[in-house]
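Only one structure is covered here, and it is reproduced in the block below.
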Amino acid sequence: MTRDNSAEGEAVTGRLLILEYEQVKEEQRARIGFRDNLLYATLAAMAAIITFSLQSHGRPELLLLLPPASALLGWAYLVNDEKISAIGRYVREDLGPRLAALVPGRPPVFGWERAHRDDGRRISRKRLQLAADLLLFTVAPIAALVVYWASEPVRAVLLAVSVTEVALITVLGVQIVLYADLHRP
């Protein structure tokens, strides 16, 4: 292969890498919007379940709908949040270096992908986000269960359902903590 063909091949590869970058960033933007809307959907679902429970002549067993709704929406939130992070990691660790290797002098590419992670307050923000996620997706459903358990009478079959829901919410809470990304860049 001649030098001209090699340069032409690198230019084509570079354009393809830029195109791939644009596509993964578009997916990341879409996932961010969807993830953020899941917070509002969770709050709306919780409000609807609580309202329905209160309007149904004090039927606290309807609160047992809140943990599965929280778990379902929380899992969707967690999966999207992880994919958002995975895209950023892919750009930083794979796509960026491959593109930089094509450029003479190898200047940094996609600097924002690293720069925003270098903020000194990133860890405290991530901890606050973790607390908010746990509050919404685990503490609120457990509080609904406590209200149900405090009501009279608690039927055995629904008690068994509620204990299963505690396990479900616990698994979700553990996963939220594991994926919190609290480490430094």
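Residue numbering for the sequence shown is 0 to 184, as defined by numbering that gives the first Met the number 0.
C-beta: ideal position from N, C-alpha, C; glycine also.
According to the neighbour-count rule (16 or more other Cβ atoms, all chains shown, within 10 Å of its Cβ), is residue i buried or exposed?
i	result
F136	buried
P152	exposed
L181	exposed
S52	buried
G57	exposed
G87	buried
Q27	buried
V108	buried
D80	buried
L144	buried
A132	Strictly speaking, residue 132 in this sequence is Asp, with Ala absent from that position. Buried: at least 16 other Cβ atoms inside 10 Å.
Y39	exposed
Report the rounded CA-to-CA distance for residue i versus residue j, giving the unit in angstroms.
i	j	result
I168	K125	21 Å
M45	I31	22 Å
V160	S69	15 Å
T163	P67	10 Å
G104	R121	31 Å
L102	A6	Residue identity differs from the one stated: residue 102 is Val in this sequence, not Leu. Straight-line Cα distance between these residues: approximately 10 Å.
Q128	I141	19 Å
E92	G110	12 Å
I49	I17	48 Å
A29	A166	31 Å
L177	L42	23 Å
W148	I175	25 Å
V173	A179	10 Å
E9	A85	26 Å
Note the first and the last residue of the continuous alpha helix (DSSP H) segment covering residue i.
i	result
L177	155–177
R97	95–99
G104	Note, G104: premise wrong, no alpha helix (DSSP H); not H, not E.
R91	Per DSSP, R91 belongs to no alpha helix (DSSP H) and is neither H nor E.
P140	139–149
S123	121–133
R113	111–114
What whole-angstrom Cβ distance do residue i and residue j have, given they're in contact under 8 Å?
i	j	result
L37	L64	17 Å between Cβ atoms; not a contact.
L94	G13	Going by Cβ atoms, the distance from L94 to G13 rounds to 11 Å, so no, they are not a contact pair.
V78	Y20	Contact flag wrong, Cβ pair sits at about 23 Å.
W74	L171	6 Å
V146	L62	6 Å
R34	I83	7 Å
L157	E60	6 Å
Runs of beta strand (DSSP E) wholly within the segment 42–67 (minimum 3 residues, chain order): If we require 3 residues or more, the segment 42–67 turns out to have no beta strand (DSSP E) run fully inside it.
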